[in-house]
Structure formats: C-alpha cells, structure tokens
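Structure, as structure tokens:
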Amino acid sequence: MRKFPKEFLWGTAMSANQMEGSWDVDKKGMSVADIRPYNPNIDRSKVVEDLKMTKDKFESLLNDKVSFFPKRWGIDFYNTYIEDIKLLNDLGVKVFRTSIAWTRIFPIGDEKKPNQKGLNFYRKMFEECKKYNMEILVTMSHLETPIGLIKKYGGWKNKEVIKLFVNYSTAIMEEFKDIVKYWMPFNEFNHMDFDNTNVFDDDKEFYQNSYQAFHNQFVANAKTIEVGKNINKEFQFGTMIGHTLTYPETCKPIDQLMNQQQLNLSVYFYYDVMSKGEYPWYIKNHFKMMGLNINMTDSELKIIKNNTVDYLGFSYYATGIVGSSESLEVTGNNVMITGVNPYLDKTEWGWQIDSEGLGFILRDLYSRYNKPLFVAENGVACEEKNDNLSIIEDDYRIDYLNKHFEQMADAIDEGIEVIGYTLWTPIDLVSFSSQEMSKRYGVVYVDQDDMGNGTKKRIHKKSFKWLAKYYKESIK
Ligand code: BG6
C-alpha cells in the first residue's frame, strides 16, 4: 500500500439530485434533473444522444405523467442520511463532497428569501457529518438548475441568472459559514450545456448561446468567490471540470494538432478562465472563426480576473482518442463520444479505463497552473446483479482504485500538491447520464432496480473493506 501525507483528504462524492429523492417534499422546486426519464432502450455507449434536449422535448417532459423519473426518488437519502453518513464514517471518510439542491433553497430560483425547510435539512445533514469530524465540500450546482429559471429566464444565457445564482450562493455561504470550508460553485462546469437545458439543441444560435451561458457562469463563479471570501476568508474555492483526457490517434502531426485543439476547447479553456482569470488566445480565436460575439463587460472581466480559484478540482473516469482518420471507431466517455483506444479496456458503458491518464493529468495541470489539485470524482461503474443480497466480490473495482491511487501517490512523491480524493461513489445511486440504477459505482450496494423497486437496503461490497483499510493505513 502506498503512503499519503497526513493531511491528505480521503473521501467520497455524491450529488443531491442522484441520491436524495423527496423531489417535492418541504417545498422543494423542480430542477432539470427531475425531468430526465429512464429509457430502458438506451444505447449505453451513446447516452449522450439521449441527453440531447430540444424545446419540444422539454415541454413534453414537463407534462409527462407516464415515464419514470429516477432522480425524483434517488436512493431515498433524504430519509436515510443518518445511516448513510454512518456508513461513510465506517469507511474512514475525512471529507464528504455533496451538492446542495438549489431548488430546496430557492424552489423557483428567483424568490426573495431562501426556503427555511431546505436550509434546515442541510444543517441537520452537515451536523451529522461533523459528529464524525468530517470536512464538508459543497458543490453549489451539480447539474441541478431550477426549472423555474429555464421557463422564466431562458436559463444561463440570460445575465439575470448570474444575480439569482449569487443570491443563492450567498444564502448558503452565510448559513453554513461555520460548518463548510470547501466549495465548488459548479460541477463539471464544462459539461453544463448537457444538462442545464439552458440552450436547446434546436436553438438557432446554439454556439452563441452556449458560450454566452458559459461566460455568465464564469461571472457567477467569480462573484461567488468574491462574496465568499468576505463571508469567511478561510473558505476554499475550486473548479470542478469533467476531465476527459484525449490522445492523438496516430503520430501524424495533424492528429497532434487536432488533439491540442480538442483539449483546449474541452478542458483547458475552463481551467484557464477560472484559474488565471483571463480568456485565453485560442478561445478568442475560436469565437472569431465561428463568428460569435459574446457579451462581456469590462467590469465582468475584472471580476473574473480578481477572483480566481484556490485549487483545481476535476473528475476523472476515462480517456479517449482524437484523430483524422475517417474509420475512427468511437465509444462513450462521460458525456462525450471519442475514439476507441486499442490499448485500453472498457466498462460496459464503453468508458475506457486508463489509470496512467490520471498521472498525466496531475503532472500536466500542476505544470500549467501550479495550484493544489483535488480529484473530486473517480470510480468505475459495473452492472452488478445481487438477487440474494450477498457481498459482491468486486475485485475489478479494487484493481481500478488501486491503480489510480498508485498514480496519485507517484505524483505526490514527485512533488505535486494533490490535496484530496473523493470517490464516486460510496453508495450506489442513480446514474447522471443514463438514469440507470444498474450503473453501479458504489462500494456499498443498494437493493433497488432501475424502476425504483427494492428494499433500498445497503450492503457492503468487498471493496468497502479494502477501501476502509486503504484510507486508514495509507496515511503517513
Ligand atoms: C460526472 C458527474 O459526470 O460523472 C456525476 O459529476 C456522474 O454526477 C458521474 O454521476 C458519472 O457519470 P454517470 O453518467 O455514469 O453517472
């Protein structure tokens, strides 16, 4: 077993919309996550197609009384959080990353005052974590934009939403200033166009609106940091980027250039703005080539410049390849489709497993930005049938985690500041992209199927014991 620094934050990550359920309880409003239906015929390696949202699809989902919407029910964490947090403590978790559901605090999104019942729930839940001395890392918006803001304002492409988000972030930072230290304003910032429904796929000005929405979110992120540091100067703010590393398909120079452009546009752009506080040259050129004209004022750019993040958080699951050959075979990879790498194994969802890719990213990000790094999500999903509710022998998960931990340990030994790791996920929950329960990431099994049937009993998998030992004994 490798050794990690004493202060290293070993932990776990989950999100409100994938676990809490109770979607209409205690005045909670509807979020975009609540209108994602389960599709039993989904093509698992192309879930991104299923996520596409048009105006008509949005309207019909709002009125859909027939489909099953798994995220409305989650794994019932709203009612089981006491036992679930105890499980996290048994695992040895030092930091629990979770999101606050924006719609529990501001059900429509533009109310003047926060919903006290929502605040009360998180207060009780966080106090439960503190009972075990866990740090709490809050994601403020984990692909959970209120439907009210889409209907009334058209979502993030409208600058009004910046103000409404900052009202929300201020309310939760004020409320939890004594109990939460680590914050991530937006989950997988670079993937938000996939789930916020802010920009529909049939929008005439799709790219113009998407980049406008991203700009507005950059401003909201920076303003939140500005307000937060005034509330409590100890607060630590991080990015959260869905980091899909890609490699060039061949050593043809054109493949190298294509991959460079791919990485610039899909990941570095977001780190650059939030970490360096400036729009990089390649994105300005991209806007020019695409004929885009993003509305950004001098005062917004100043806010972005003056309020950068303290650490770089990212999720890491898989890698892909990019190349010029027309025959490039493709596969799913988080919410994108990339080329198949013949040297890597894939999960049942086509995600290509690549522990060395994590080592590459850690070295690359530290060289580029020189800021502490936080692996905010990492883990592997498998279909795990368990009709007789026994202990699942998930040696594949142990192997996956062990190899990724090796990479982190190597990077730390080389002098890279990696401050934490939060496993996705401690307990099985509803998949973000495919809405399935059978896409299981947990080290704890939940007796619940894709249609929400089951006792919801939690059962340790073999990896639970392995991970608890690792978390405990790896600390120097
Ligand atoms: C990230 C998200 O995309 O990856 C999580 O932040 C998500 O919410 C995780 O669950 C894994 O994706 P999926 O689609 O397999 O659940």
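Just so you know, we're using the working numbering here: the sequence shown kicks off at 416 and counts up by one. Where a beta carbon is used, it is the ideal one built from N, C-alpha and C, also for glycine.
> So who's on the other strand from residue 598, going by DSSP bridges?
Replying inline: Numbered from 1 along the sequence shown, position 183 holds the residue referred to as residue 598. 553, 652.
>> At 3 residues or longer, what runs of the beta strand (DSSP E) sit wholly inside the segment 499-535?
In response: Those beta strand (DSSP E) runs which fall completely within the segment 499-535 and span 3+ residues are 510-514.
> Which residues in the same chain have their Cβ closer than 6 Å to the Cβ of residue 687, if we skip the five residues on either side of it in sequence?
Replying inline: Residue 687 sits at position 272 when you count from the first residue of the sequence shown. So the list reads 695, once near-sequence residues are dropped.
> What is the rounded straight-line gap between the Cα of residue 530 and the Cα of residue 515?
Replying inline: Residue numbering aside, residue 530 sits at position 115 when the sequence shown is read from its first letter. Residue numbering aside, residue 515 sits at position 100 when the sequence shown is read from its first letter. Taking the straight line from one Cα to the other gives about 13 Å.
> So does the segment 447-459 actually touch the segment 847-863, counting three or more Cβ pairs closer than 8 Å?
Replying inline: These segments touch.
> Which partner residues of residue 428 appear in the DSSP bridge assignment?
Replying inline: Taking the first residue of the sequence shown as 1, we reach residue 428 at position 13. Paired residues: 512, 839.
>> If I measure Cβ to Cβ from residue 825 and keep anything under 7 Å in the same chain, skipping five residues before and after, which residues do I get?
In response: Locating residue 825 in the sequence shown gives position 410, where the first residue counts as 1. Shown here for residue 825: same chain residues with a beta carbon closer than 7 Å to its own, the five before and five after excluded, namely 774 in chain order.
>> For residue 535 and residue 728, I'd like the C-alpha separation in whole angstroms.
In response: The residue labelled residue 535 in the question sits at position 120 within the sequence shown. The residue labelled residue 728 in the question sits at position 313 within the sequence shown. Going by the C-alpha atoms only, they are around 28 Å apart.
>> Taking only three categories from DSSP, how would you classify residue 727?
In response: Position 312 of the sequence shown, counted from the first residue, corresponds to residue 727. Taken through DSSP and simplified to helix, strand or coil, residue 727 comes out as strand.
> Are the CB atoms of residue 444 and residue 554 nearer to each other than 9 Å?
Replying inline: On the sequence shown, residue 444 is found 29 positions in, with the first residue counted as 1. On the sequence shown, residue 554 is found 139 positions in, with the first residue counted as 1. No.
> Since residue 879 contacts residue 506 with CB under 8 Å, what's their CB separation in whole angstroms?
Replying inline: As a position in the sequence shown, residue 879 is number 464, starting the count at 1. As a position in the sequence shown, residue 506 is number 91, starting the count at 1. Between residue 879 and residue 506 a beta carbon distance of about 7 Å is seen, short of the 8 Å cut, so the two are scored as contacting.
>> Which of the three DSSP states is assigned to residue 751 in this structure?
In response: Numbered from 1 along the sequence shown, position 336 holds the residue referred to as residue 751. Note: residue 751 maps to strand in three-state DSSP.
> Helix or strand or just coil, what does DSSP make of residue 666?
Replying inline: If you number the sequence shown from 1, residue 666 lands on position 251. Correct three-state label for residue 666: coil.
>> Once DSSP output is grouped into helix, strand and coil, what is the label at residue 819?
In response: On the sequence shown, residue 819 is found 404 positions in, with the first residue counted as 1. In the structure shown, the three-state DSSP call for residue 819 is helix.
> Is there contact here, the segment 776-784 with the segment 712-719, by at least three beta-carbon pairs under 8 Å?
Replying inline: At 8 Å Cβ cutoff, the stretches do not touch.
>> Taking the alpha carbon of residue 510 as the reference point, which residue from 843, 838, 765 has its own alpha carbon closest?
In response: Within the sequence shown, numbered from 1, the residue matching residue 510 stands at position 95. The shortest C-alpha separation from residue 510 is found at 838.
> Is residue 630 helix, strand or coil when you go by DSSP?
Replying inline: For the purposes of this step, residue 630 is taken as the residue at position 215 of the sequence shown. Of the three classes helix, strand and coil, the one that applies to residue 630 here is helix, per DSSP.
>> Let me make sure I understand the geometry here. Which of 841, 595, 675 has the alpha-carbon closest to that of residue 874?
In response: Start at 1 with the first residue of the sequence shown, and residue 874 comes out as number 459. The candidate whose alpha carbon is nearest that of residue 874 is 841.
>> By the three-class DSSP mapping on this structure, what secondary structure does residue 782 have?
In response: Stepping through the sequence shown from its first residue, residue 782 is reached at position 367. The three-state reading of DSSP puts residue 782 in helix, counting H, G and I together.
>> According to DSSP, is residue 682 part of a helix, a strand, or is it coil?
In response: Position 267 of the sequence shown, counting from 1, holds the residue named residue 682. Residue state for residue 682 is assigned as helix, using DSSP reduced to three classes.
>> I'd like to know if residue 860 contacts chain D, where contact means its C-beta is closer than 9 Å to some C-beta of that chain.
In response: Of the protein chains in the structure, only one exists, and it is not chain D.
>> Run through the DSSP bridge pairs and tell me what residue 761 is partnered with.
In response: Along the sequence shown, read from residue 1 onward, the residue named residue 761 stands at position 346. Answer is 767, bridged to residue 761.
> Taking the DSSP output, what are the residues bridged to residue 446?
Replying inline: Your numbering for residue 446 matches position 31 in the sequence shown. When DSSP reads this structure, residue 446 sits in a beta bridge with 561.
> Would you call residue 497 buried or exposed, if buried means 16 or more other Cβ atoms sit within 10 Å of its Cβ?
Replying inline: Position 82 of the sequence shown, counted from the first residue, corresponds to residue 497. With fewer than 16 Cβ atoms within 10 Å of its Cβ, residue 497 is classed as exposed.
> Helix, strand or coil for residue 417 per DSSP?
Replying inline: Sequence index remark: in the sequence shown, residue 417 carries index 2 (1-based). Residue 417 falls in the coil class under three-state DSSP.
>> Does residue 568 come out as helix, strand or coil in the three-state DSSP assignment?
In response: Sequence index remark: in the sequence shown, residue 568 carries index 153 (1-based). Helix at residue 568.
> Terminal residues of the continuous beta strand (DSSP E) containing residue 789?
Replying inline: The sequence position of residue 789 within the sequence shown is 374, counting from 1. Start and end: 788-792.
>> Suppose the cutoff is 7 Å on Cβ atoms and the five residues either side in sequence are ignored; what does the same chain contact list for residue 661 look like?
In response: Walking along the sequence shown from the start, residue 661 turns up at place 246. These residues qualify, in order along the chain: 674, 677, 678, 734, 735, 736, 737, 753.
>> Pull the bridge partners of residue 873 from the DSSP assignment, please.
In response: Counting from 1 along the sequence shown, the entry for residue 873 is found at position 458. Under DSSP, residue 873 takes part in a beta bridge, and its partners are 861.
> Who does residue 855 pair with in a DSSP beta bridge?
Replying inline: Taking the sequence shown and counting its residues from 1, one reaches residue 855 at position 440. Under DSSP, residue 855 takes part in a beta bridge, and its partners are 797.
> Between 834, 701, 532, 664, which lies nearest to residue 756 when the distance is taken from Cα to Cα?
Replying inline: Position 341 of the sequence shown holds residue 756. Nearest of 834, 701, 532, 664 to residue 756, Cα basis: 664.
> Pick from 745, 857, 829, 808: whose alpha carbon is nearest that of residue 794?
Replying inline: In the sequence shown, counting from the first residue as 1, residue 794 sits at position 379. It is 857 whose Cα lies nearest to the Cα of residue 794.
>> Does residue 745 come out as helix, strand or coil in the three-state DSSP assignment?
In response: The residue given as residue 745 occupies position 330 in the sequence shown. Here residue 745 carries a strand assignment [DSSP, helix/strand/coil].
> Got a sec? Which residues, its chain only, sit under 8 Å from residue 759 by beta carbon, not counting five neighbours each side?
Replying inline: Your numbering for residue 759 matches position 344 in the sequence shown. Around residue 759, the same chain offers 734, 767, 768, 769 as residues with beta carbons nearer than 8 Å, after the five sequence neighbours per side are excluded.
> In terms of alpha-carbon separation, which member of 627, 750, 820, 532 lies closest to residue 417?
Replying inline: On the sequence shown, position 2 is the one that residue 417 refers to. 820 is the residue among 627, 750, 820, 532 whose C-alpha sits nearest the C-alpha of residue 417.
> Between residue 426 and residue 602, what straight-line distance do the alpha-carbon atoms span, to the nearest angstrom?
Replying inline: Reading the sequence shown from its first residue, position 11 is the one you call residue 426. Reading the sequence shown from its first residue, position 187 is the one you call residue 602. Computed Cα separation, rounded: 17 Å.
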